[in-house]
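This report concerns only the one structure given below.
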Amino acid sequence: TFQAIPYSDTVCFRPALQPKPQIAGTVPARVTSPQANDPYGHIDLEGRYKVNFLFDRDTWKPGEESLWLRLARPYAGDTHGLHLPLIPGTEVAIAFEQGDPDRPYIAHALHDSQHVDHVTLRNYKRNVLRTPA
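The number in the working numbering is simply the position in the sequence shown, starting from 1, with 420 added.
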């Protein structure tokens, strides 16, 4: 059966609110850059990156794959901090603040078959920090 809503000058119809979706865990992505052969991932004035989500099969212009995402760091402040620049193609894990899909950030970088770990079974007792610079 059909049921109409009476007209009102003062009250507007609003559908019932649906619970906001939540994302638990992380989602894989790769750092991108709009410039070919750029040694570092493109960042904006706030130090944010753009990424290409690995599940996204659409074709995007370079640099337009996502919105700007903040990078979580172990040390940050207004006059101090640590930022090791990410390289295009680096696999990263995207987390979501309080599970909110509208609040993504880069949680951490990952080694993969294209970018192997510098510490393996052969040198597992070493501490290694190697930068491209």
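Glycine included, each C-beta is placed from N, C-alpha and C at the ideal position.
Counting other Cβ atoms within 10 Å of its Cβ, Lys481 stays below 16 and is therefore classed as exposed. Gly509 carries a coil assignment under DSSP once its states are collapsed to helix, strand and coil. Counting C-beta pairs with one atom in each stretch, the segment 454 to 462 and the segment 518 to 534 have fewer than three that are closer than 8 Å, which means they do not touch. Cβ-Cβ distances below 8 Å link Asp537 to His531 in the same chain, with the five nearest sequence neighbours on each side left out; the list follows chain order. Taking the CA atoms as reference points, Glu485 sits about 44 Å from Tyr427. Restricted to the segment 468 to 508, the beta strand (DSSP E) segments that are unbroken, complete and at least 3 residues in length are 471 to 473, listed in chain order.
Here Tyr469 is not near Val447, since their CB atoms are 8 Å or more apart.
With a beta-carbon spacing of about 6 Å, Leu489 and Pro524 fall inside the 8 Å limit used to define contacts. With fewer than 16 neighbouring CB atoms inside 10 Å of its own CB, Ile425 falls in the exposed class. Pro435 is classed as exposed because its beta carbon has fewer than 16 other beta carbons within 10 Å across all chains shown.
For Tyr525, the uninterrupted beta strand (DSSP E) segment begins and ends at Pro524 to Leu530. Within the DSSP bridge table, the entry for Ile463 names Tyr469 as partners. Rounded to whole angstroms, the separation of the alpha carbons of Asp498 and Glu517 is 21 Å.
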